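Here's the structure we're looking at; comments come further down.
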Amino acid sequence: MELTLILTTNFLEEPSDFMIFLGRFHPLVVHLPIGFLIMAVFAQFATSQPKFHPLKPFLKYFWGLGAFSAALAVLFGYLLSLSGDYDEDILFWHKWSGVAVLACSIACYFISKKQQENSTIPKWALILLTTGTIIYTGHLGGNLTHGQTYILEYAPNPLRSMAGLPSKIEPRQKVTVLDSADVYLDLISPMMNRKCTSCHNRGKKKGDLLLTTYANLMKGGENGEVVIAGDVEASELFRRITLPGEHDDFMPSEGKRPLSDQEVAIIEWWISSGAPPEGFVPEFDTEKKITATVTNYLGLDKNNFINIDVPPADESVIDSLSDKGFIINRLMKDNYFLEANFSLSERALSTPDLDLLLQIKEQLIWLDLSNSGIQEEHLEKIGQLENLIKLDLSGNEISDSGITNLSKLTNLESLNLYNTQVSDGLLALVTRLGKLKTLFLWKTKVSDSLAVHLQKENKHLKVMHVREPIIEVN
Ligand code: HEC
18 MELTLILTTN FLEEPSDFMI FLGRFHPLVV HLPIGFLIMA VFAQFATSQP KFHPLKPFLK
78 YFWGLGAFSA ALAVLFGYLL SLSGDYDEDI LFWHKWSGVA VLACSIACYF ISKKQQENST
138 IPKWALILLT TGTIIYTGHL GGNLTHGQTY ILEYAPNPLR SMAGLPSKIE PRQKVTVLDS
198 ADVYLDLISP MMNRKCTSCH NRGKKKGDLL LTTYANLMKG GENGEVVIAG DVEASELFRR
258 ITLPGEHDDF MPSEGKRPLS DQEVAIIEWW ISSGAPPEGF VPEFDTEKKI TATVTNYLGL
318 DKNNFINIDV PPADESVIDS LSDKGFIINR LMKDNYFLEA NFSLSERALS TPDLDLLLQI
378 KEQLIWLDLS NSGIQEEHLE KIGQLENLIK LDLSGNEISD SGITNLSKLT NLESLNLYNT
438 QVSDGLLALV TRLGKLKTLF LWKTKVSDSL AVHLQKENKH LKVMHVREPI IEVN
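Sequential numbering from 18 applies to the sequence shown in this note's numbering.
Now the structure itself:
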């Protein structure tokens, strides 16, 4: 006796995977009693007409099947509830009204077995009660899986107000200029909706954390606050999204599509700017730390990087660069974007040269470092020149290990790696460079099949490998 008691308590506290596995059949199985019982109710009504009298002997089977499948649904539902992921209040009522459906249907079964000819009031009352309970239970079940407002989410506003819900939120206008991009509404909230709220919503409040509104986000989850305004290091949410993907705590969990590097950078900036609930990006980004990233993230710079206003570059830096052998040119009349070319210099590029270049990184959009004696270790700094649109690294001793450093150059449209040692490492790099249109790969270690693969995976990209168009070999 004691042993069974211990077993049951353990069983309740720590449901095994297998029980939860069974539990997950609940949403499937639950349609059986609904079907059978509704059919039984209809049949019961029908048989009050002489035409349907021949149905009478079957009534008890309908109710019997209904009761049996309701028992299965209750059992599986109970196992599913052990996973503990559901809103406790709704779960409580759903569970007990489910049990009530079972009890009612068993009662109906016994009554119909007796084959009473006369329709008695208690019998009809019971049948109505059963019908009502089925509807109520089903409704609560829907609330549990889809959230309480699911059914009215797209309802007309008058209907929503009758149910005590606020009017539908007008969809945000698409942002067309950075000045009207709201930090929370246009950046953080859409990110959460796309990647997090499938598990952190009212019905399915994983980790007791709701990510559907600003207030809830700031309230935190079962372990307290997840965003500490101004303190990225202390913010659990930030820790979770920056862990290695295979870590148990990594979010989003269960292999769901993770946040992109840009999204993580924007969240980091938002938290360190004090996690404001509203306000436009430029108000908080006075140092223009995130401007380029947000502009790119919102697609404001599509083919039109000149939309970004950059200040003129420091003349003294340009002078020093010219002294060191760089040719620097301004590219357009009405902005301060620059091109830098080191390919004609007699000497090899050195780290101090790159430090100087980094001082004009906001303005620098074309860079020619072909045949400049670049070493693998230089690539880390080149990878920080985030506004680059065109980069020529041909004729340098660089290979796969170094080029991963270029993955932050998300504005790149043209990359020349002609006559370098790169090969397979390109696969990972190219997928990150979403705007890349032209890639020069002749005289590298890239095989024909890799070039074909790259071309196939990236439709918008033109892979310049050999002069003839690459023909697919099956
Ligand atoms: C597939 C479901 C799923 C998705 C999607 C998901 N989470 Fe979670 N999250 C969970 C579960 C389950 C827990 C509770 C277990 C745990 O703490 O790891 C949790 C817990 C958390 C916690 C800890 C709460 C606390 O107080 O301990 C944070 C923070 C969090 N998630 C953030 C996020 C963010 C941000 C996203 C979107 C990038 C996200 N989650 C997407 C399932 C998910």
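Where a beta carbon is used, it is the ideal one built from N, C-alpha and C, also for glycine.
These figures come from a predicted structure and were not determined experimentally.
- Buried or exposed: which applies to His477, given that a residue is buried once 16 or more other Cβ atoms fall within 10 Å of its Cβ? exposed
- When you compare each of Ile335, Ile138, Lys73 and Pro299 to Asp326 by their alpha carbons, which one comes out closest? Pro299
- Message: Under 8 Å: do the segment 94-114 and the segment 54-73 share three or more Cβ pairs, one atom per stretch?
- Response: Touching, no.
- Message: Please classify Thr147 as buried or exposed, where buried requires at least 16 neighbouring CB atoms within 10 angstroms.
- Response: Under a 10 Å Cβ-count criterion, Thr147 is classified as buried, with 16 or more other Cβ atoms of the shown protein chains found around its own Cβ.
- Taking the Cβ atom as the reference point for each residue, do Ser431 and Lys407 lie within a distance shorter than 8 Å? yes
- Message: Alpha carbons only, please: which of Leu423, Gln472 and Asp336 is nearest the one belonging to Ile377?
- Response: The candidate whose alpha carbon is nearest that of Ile377 is Asp336.
- Item | Beta bridge counterpart(s) of Ile345 as assigned by DSSP | The partner list for Ile345 (beta bridge, DSSP) reads Ala357.
- Query: Name the DSSP bridge partner or partners of Gly272?
  - Reply: In DSSP, Gly272 forms no bridge with anything.
- Message: Can you determine whether any heavy atom of ligand 1 sits closer than 7 Å to the C-beta of Gly224, and answer yes or no?
- Response: yes
- Item | Stretch-stretch touch, CB-based, cutoff 8 Å, three pairs: the segment 239-250 with the segment 207-218 | no
- Query: What is the DSSP secondary structure of Phe267, reduced to helix, strand or coil?
  - Reply: Secondary structure of Phe267 (DSSP, three-state): coil.
- Any beta strand (DSSP E) of 3 or more consecutive residues that is wholly inside the segment 361-437: 381-385, 407-409 and 431-433
- When DSSP builds the beta bridges, which residues end up paired with Tyr103? Lys221
- Message: Tell me whether Gly237, by its Cβ, gets closer than 7 Å to a heavy atom of ligand 1.
- Response: Distance from the C-beta of Gly237 to the nearest heavy atom of ligand 1 is below 7 Å.
- Note down the Cα distance separating Ser360 from Leu384, rounded to an integer number of angstroms. If you take the alpha carbons of Ser360 and Leu384, they lie about 10 Å apart.
- Confirm, please, whether the CB-CB distance from Leu429 to Leu450 is below 8 Å. yes
- Measuring from the CB of Asp34, is there a heavy atom of ligand 1 at a distance below 7 Å? no
- Task: Kindly identify the DSSP beta-bridge partner or partners of Thr455.
- Result: Ser431 and Lys479
- Query: Does DSSP put Gly520 in a helix, a strand or coil?
  - Reply: With the chain covering 18 to 491 only, the question about residue 520 has no answer from this structure.
- Message: Rounded to the nearest angstrom, what separates Ile107 and His156 at their Cα positions?
- Response: 10 Å
- Query: So, are the CB atoms of Leu92 and Met36 less than 8 Å apart?
  - Reply: no
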